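The sequence shown begins at 1 in full-length UniProt numbering and counts up one residue at a time. Glycine included, every Cβ here is placed at the ideal spot set by N, Cα and C. Please read these numbers as outputs of a predicted model, since none were measured by experiment.
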Amino acid sequence: QQDAMDPQQRLFLECVYETIEDAGYTRETLCAERELGGIEGNVGVYVGVMYHEYQLYGAQEQAKGRMIGLLGNASAVANRVSYFCNFQGPSIAVDTMCSSSLTSIHMACHGLQHGECELAVAGGVNASIHPNKYLLLGQGSFASSNGRCESFGQGDGYVPGEGVGALLLKPLAKAIADGDRIYGVIKGTAVNHGGKTNGYTVPNPNAQARVIGQAMKEAGINPRTVSYIEAHGTGTSF
């Protein structure tokens, strides 16, 4: 199937495999019976994927009379990992546009907190596969007019990049008990939407402030103690 598979499926599967190895596990150990130290595949998969245009190449070939079907639906990115690794927790593809991968991490944390899975793979993949992506970004006033990324009020759009990443998430107490190597701790997450603004691509600063406040409250953190912030400035025109 790899010849007809969306490259995003292959890239994310490879990335997840490396993530599991880096954590000191294998798909076999995670799927082993509990008496053998496994968790019987109780692993959730949450992946952010906002572009699934590989199928357009199939449509182009079909228009030429060549009946080729390409595997390019977003749900298959998550389901491919669950199938290959025999993971039997939730398997969800998330599309919230630019926030897709962070939303997948939020959902993974929620799944762990509510006992829907014992471990969770969360991440995202974004590959520029078809020119239709750039046509839509240009016509929708998302793309930068000068081809440069400039934050906040300095820019009138952004330049899309490509990438793939995955995290293996586990409740902190369990990770400590299992002797896992811990890269970081997620203390709180929150999601919302800006609602109606001056334009479809225009962010809502008040809504952004509220969601940051919600995440701080969930984390139990005093904002005065925060020493580093990675800001999201879309650069889209107001």
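- C-alpha of residue 81 to C-alpha of residue 9: approximately 8 Å in a straight line.
- Here DSSP, grouped into helix, strand and coil, assigns residue 25 to coil.
- By the criterion of at least three beta-carbon pairs nearer than 8 Å, the region 24-39 is in contact with the region 85-92.
- Residue state for residue 219 is assigned as helix, using DSSP reduced to three classes.
- It is roughly 36 Å from the alpha-carbon of residue 45 to the alpha-carbon of residue 153.
- Residue pairing from DSSP places residue 158 in a beta bridge opposite 143.
- Taking all protein chains shown into account, residue 6 has 16 or more neighbouring C-beta atoms within 10 Å of its C-beta and is therefore buried.
- Beta bridge pairing from DSSP links residue 30 with no other residue.
- The three-state reading of DSSP puts residue 198 in coil, since its state is none of H, G, I, E or B.
- Restricting attention to 207, 231, 23, the CA atom closest to the CA of residue 182 is found in 23.
- With respect to the C-alpha of residue 108, the residue from 147, 179, 169 having the closest C-alpha is 169.
- Rounded to whole angstroms, residue 117 and residue 43 show a C-alpha spacing of 5 Å.
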